[in-house]
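There are 2 protein chains.
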Amino acid sequence: MIPRHLGNRSLSIRSSKSGRSGTTSSTATSSPTHHRHRFSLTSLRNPGQPSPAKRLHRLIKTVNNLVAAHSSAARERVAIATQLSEWGEQTGDEAVSDVSDKVGVVLSELGEQEEAYAAALDDRSRTPLKAIRNTERSVQPSRDGKRRLADEIARLKAREPQSARLVTLEQELVRAEAEGLVAEAQLGNVTRQKLKEAYTAEFLATIERAEKQIILSRHGLRLLQLLDDTPIVPGDARPAYAHASQARQILNDAEDDLRNWRPGELLGDDVKSVVDRDSSMPLQEESKVNGKGKGKEVQVDGVGA
Amino acid sequence: MIPRHLGNRSLSIRSSKSGRSGTTSSTATSSPTHHRHRFSLTSLRNPGQPSPAKRLHRLIKTVNNLVAAHSSAARERVAIATQLSEWGEQTGDEAVSDVSDKVGVVLSELGEQEEAYAAALDDRSRTPLKAIRNTERSVQPSRDGKRRLADEIARLKAREPQSARLVTLEQELVRAEAEGLVAEAQLGNVTRQKLKEAYTAEFLATIERAEKQIILSRHGLRLLQLLDDTPIVPGDARPAYAHASQARQILNDAEDDLRNWRPGELLGDDVKSVVDRDSSMPLQEESKVNGKGKGKEVQVDGVGA
Chain A
1 MIPRHLGNRS
11 LSIRSSKSGR
21 SGTTSSTATS
31 SPTHHRHRFS
41 LTSLRNPGQP
51 SPAKRLHRLI
61 KTVNNLVAAH
71 SSAARERVAI
81 ATQLSEWGEQ
91 TGDEAVSDVS
101 DKVGVVLSEL
111 GEQEEAYAAA
121 LDDRSRTPLK
131 AIRNTERSVQ
141 PSRDGKRRLA
151 DEIARLKARE
161 PQSARLVTLE
171 QELVRAEAEG
181 LVAEAQLGNV
191 TRQKLKEAYT
201 AEFLATIERA
211 EKQIILSRHG
221 LRLLQLLDDT
231 PIVPGDARPA
241 YAHASQARQI
251 LNDAEDDLRN
261 WRPGELLGDD
271 VKSVVDRDSS
281 MPLQEESKVN
291 GKGKGKEVQV
301 DGVGA
Chain B
1 MIPRHLGNRS
11 LSIRSSKSGR
21 SGTTSSTATS
31 SPTHHRHRFS
41 LTSLRNPGQP
51 SPAKRLHRLI
61 KTVNNLVAAH
71 SSAARERVAI
81 ATQLSEWGEQ
91 TGDEAVSDVS
101 DKVGVVLSEL
111 GEQEEAYAAA
121 LDDRSRTPLK
131 AIRNTERSVQ
141 PSRDGKRRLA
151 DEIARLKARE
161 PQSARLVTLE
171 QELVRAEAEG
181 LVAEAQLGNV
191 TRQKLKEAYT
201 AEFLATIERA
211 EKQIILSRHG
221 LRLLQLLDDT
231 PIVPGDARPA
241 YAHASQARQI
251 LNDAEDDLRN
261 WRPGELLGDD
271 VKSVVDRDSS
281 MPLQEESKVN
291 GKGKGKEVQV
301 DGVGA
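Those protein sequence lines, which keep their order, are chains A and B.
If you're matching positions, the first sequence starts at 1 in the UniProt record's numbering and goes up one per residue.
If you're matching positions, the second sequence starts at 1 in the UniProt record's numbering and goes up one per residue.
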């Protein structure tokens, strides 16, 4: 919880190892052990920092794990729903049987919402991150080419300052620098747009799952109210269960509420403006930038990972 | 989604195999394959239905799996938070660096809420189910004893109708039936109370996670608005990032909102009354019932599973 970690925690989540800022963060120690181990092994093998593309590759893999965990939660929830309903039937108590069956329907829907959430993370959040990673990768050859040319020019100037090749190489370097300018601008643009897109989608998906699961849970609580749990004394019979039609009505209400759910209705105007902006991504402007450079090198819709 | 399965689905989740009602449910086919396999193997080995206690034992194991899946989602989310923040720092783009770090803090908190949810399911929902299962188990010897006595009486009546032992056995049967009445009343009371308690706790925990994750996601969306993703043309410099203090303020707002969250504020009065009732469980009445019978046989706070 944020309140327990007030100081550094609320300002940054970076571990002190990554270093530039030098702040220590309490979060570093709370991250899972195997991740911390992997970090230090990587830095032993490769004294430099991993490249942004490699970091993003790892991040995308962790998103895969997150998607798998939510999918698994969804499956277990649906299994529980069936098991609860079937157990309830076996108790031989009509009220328990009906309520457990209807609560099972609600639990099963909670599971379906969890599965929809996993699918949204996989599709709408992971895909833009892959676009950034692909651009990061495609920019690397341009950076390497420029560095190679500059190195060769420096070597030639020292050994054969009059070489005719110097003129050609310097022309090539000018072209490579122009290409590099475009590549870096593309990378910056793609990074900002896709980062915003990925986490806007993730937060919106989180809100959608939350709002729909609140709807379901509230109707689930209503169902449980139909179960009279006043203790009876031995030998007394329970009053007959008379809520079957109410229970069906609650499921109908839940269904109606889910069907009438619309994205963003509970959101403030500030947030809506983000959503509206991102659904009409400035495609013209993006292609304007790409049009001036080597647009085809930038794979925006990547596969893999 | 409910809307796709309107008919049978909204009325029952039971698979057609469990049979009493005879309705076919579309949910049966959507449950995970390995669970369906286990069901049919069980019924091959043991032609009768598994006992309620065994069904509940299996249900409690599935709840364990659900808890593990949500815990795993929580850990992956916290790992993603750190990886995102550290990647952002490496991009060398000050705006991306700051926003990714702050978004990471929000994601990490989403993960902590997921972990709190897993813990609540484990503790508040699974424990009452174990109480039911323990009572179901403890009632079984009383049922068996009664059946044994009745069988023996029937045998004696057929072979030695004048046997003096018949009188003793019939006295024992009367006592066993009294014990059985109490045991069944206890089981019925515990089943209803603990079923209601388990799923009230589960729905309330689901609402709590949802409301807190909505708070976090909304502030996360605000953070993303601070990232200017207007494309720039090659060679142009981006305007300097000037939102660091706003970003910090958003995290402070998120922290305040989480701290001020109170359970049930978004709930209607109907639901509040459930919560209030369950927090003051009718303990007196429960012990009144137990006091008349063999209360010590009923382990209400069980361990194991």
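Cβ coordinates follow ideal geometry from the N, Cα and C atoms, glycine included.
From a predicted model like this one, the values you see are computed outputs, not experimental measurements.
Can you check whether the CB of residue j is closer than 9 Å to the CB of residue i?
i        : j        : result
B/Arg58  : A/Glu89  : no
B/Ala120 : B/Ala53  : no
A/Val105 : B/Thr191 : no
A/Ala73  : B/His70  : yes
A/Gly145 : A/Glu179 : yes
B/Leu181 : B/Ile153 : no
B/Leu221 : A/Thr200 : yes
A/Leu216 : A/Ala247 : no
B/Gln225 : B/Gln113 : no
B/Arg133 : B/Ala183 : no
For residue i, which of the options has the nearest alpha-carbon?
i                      : options                                : result
B/Phe203               : A/Asp144, A/Val103, A/Gly188, A/Ala178 : A/Val103
B/Asn189               : A/Pro234, A/Leu221, A/Gly188           : A/Pro234
A/Ser51                : A/Arg75, A/Arg126, A/Val139            : A/Val139
A/Arg124               : A/Arg238, A/Ile60, A/Leu251            : A/Ile60
B/Val63                : A/Arg75, A/Asn64, A/Asp253, A/Arg55    : A/Arg75
A/Arg238               : A/Arg209, A/Gly92, A/Leu56             : A/Gly92
A/Ser12                : B/Arg262, B/Arg259, B/Ser245           : B/Ser245
residue 365 of chain A : B/Leu187, B/Asp151, B/Pro231           : No answer is possible for residue 365 of chain A: the residues shown for chain A start at 1 and end at 305.
A/Leu110               : B/Asp236, B/Leu110, B/Ile207, B/Pro263 : B/Ile207
Spatial neighbours of residue i within its chain, please: CB distance less than 8 Å, with the 5 preceding and 5 following residues excluded, ordered by chain position.
i        : result
A/Ser108 : Arg77, Val78, Ala81, Thr82
B/Leu227 : Ala95, Val96, Val99
B/Met281 : Per-residue confidence for B/Met281 stands at a pLDDT of 36, beneath the threshold of 50, marking its modelled position as unreliable; the derived number appears in the next sentence. Correct list, in chain order: Gln193, Glu197.
B/His219 : Val106, Ile250, Leu251, Asp253, Ala254, Asp257
A/Arg165 : Leu156
B/Pro32  : Unreliable placement is indicated for B/Pro32, whose pLDDT of 42 sits below 50; no coordinate value is reported for it.
So with CB distances below 7 Å, who are the chain A contacts of residue i?
i        : result
B/Gln213 : Thr206, Ala210
B/Val63  : Ile80
Which residues in the same chain as residue i place their Cβ atom closer than 6 Å to its Cβ, once the five residues preceding and following it in sequence are excluded?
i        : result
A/Ser100 : Leu84, Ser85, Gly88
B/Tyr241 : Glu94, Ala95
B/Ala116 : none
B/Arg137 : Ala53
A/Ser163 : Leu156
B/Ala176 : Gly145, Lys146, Leu149
B/His35  : Bear in mind that a pLDDT of 40 at B/His35, under 50, signals an unreliable position, so the number given afterwards is only what the model happens to contain. No residues qualify anywhere along the chain.
A/Arg209 : Gln113, Tyr117
A/Ser40  : Residue placement at A/Ser40 is flagged as unreliable, the pLDDT there being 36, under the threshold of 50; a coordinate-derived value is accordingly withheld.
In its own chain, which residues sit with a C-beta less than 7 Å from the C-beta of residue i, not counting the 5 before and 5 after it?
i        : result
B/Pro47  : In this predicted model, B/Pro47 has a pLDDT of only 45, less than 50, meaning its place in the structure is not dependable; the value taken from the coordinates is given anyway. Correct list: empty, nothing qualifies.
B/Val67  : Ala118, Leu121, Asp122
B/Glu160 : none
B/Leu56  : Leu129, Ile132, Arg133, Glu136
B/His243 : Leu226
B/Arg126 : Ile60, Val63
Run through chain A and tell me which residues come within less than 8 Å of residue i, C-beta to C-beta.
i        : result
B/Val103 : Tyr199
B/Leu66  : Ala73, Glu76, Arg77, Ile80
B/His70  : Ala69, Ala73
B/Arg238 : Gly188
Find the residues of chain B that neighbour residue i, judging by a C-beta separation of less than 9 Å, and give them in chain order.
i        : result
A/Glu94  : Near A/Glu94 there are no residues of chain B at all, since even the closest Cβ is about 11 Å away, more than 9 Å.
A/Gln249 : Within chain B, no residue comes near A/Gln249; the closest Cβ sits about 11 Å away, beyond 9 Å.
A/Lys196 : Val99, Leu224, Gln225, Leu227, Asp229
Give me the chain B residues within the contact set of residue i, using Cβ-Cβ distance strictly less than 8 Å, ordered along the chain.
i        : result
A/Leu56  : Trp87
A/Thr135 : Within chain B, no residue comes near A/Thr135; the closest Cβ sits about 11 Å away, beyond 8 Å.
Give the residues of chain B in contact with residue i, contact being defined as C-beta atoms less than 7 Å apart.
i                      : result
A/Ile153               : Those within 7 Å of A/Ile153 in chain B number zero; the least Cβ separation is about 22 Å.
residue 307 of chain A : Residue 307 of chain A lies beyond the range of chain A shown here (1 to 305); nothing can be said about it.
A/Leu84                : Leu59
A/Pro128               : In chain order: nothing, as chain B lies at least about 11 Å away.
A/Gln162               : Ordered by position in chain B, no residue passes the 7 Å Cβ test against A/Gln162, which lies about 33 Å from the chain.
A/Gln140               : Per Cβ cutoff of 7 Å: no residues; A/Gln140 is ~14 Å from chain B at best.
A/Thr91                : Pro52, Thr191
A/Ala185               : Ile232, Val233, Pro234
A/Ser217               : Phe203, Thr206, Ile207
So which residues of chain A does residue i contact, with C-beta pairs closer than 9 Å?
i        : result
B/Gly220 : Tyr199, Thr200, Glu202, Phe203, Thr206
Compare the C-beta of residue i with all C-beta atoms of chain E and state if any pair is closer than 9 Å.
i        : result
B/Ser163 : The structure shown has no chain E; the protein chains it does contain are A and B.
Less than 8 Å separating the Cβ of residue i from some heavy atom of the ligand ATP?
i        : result
A/Glu136 : Ligands in the displayed structure: none, and consequently the ligand ATP is not present.
Problem set entry | Within the stretch 102-172 of chain A, ranges of the alpha helix (DSSP H) (whole runs, at least 4 residues) | 126-159
Problem set entry | 3 or more residues per run - each beta strand (DSSP E) lying fully within the stretch 195-271 of chain B | none
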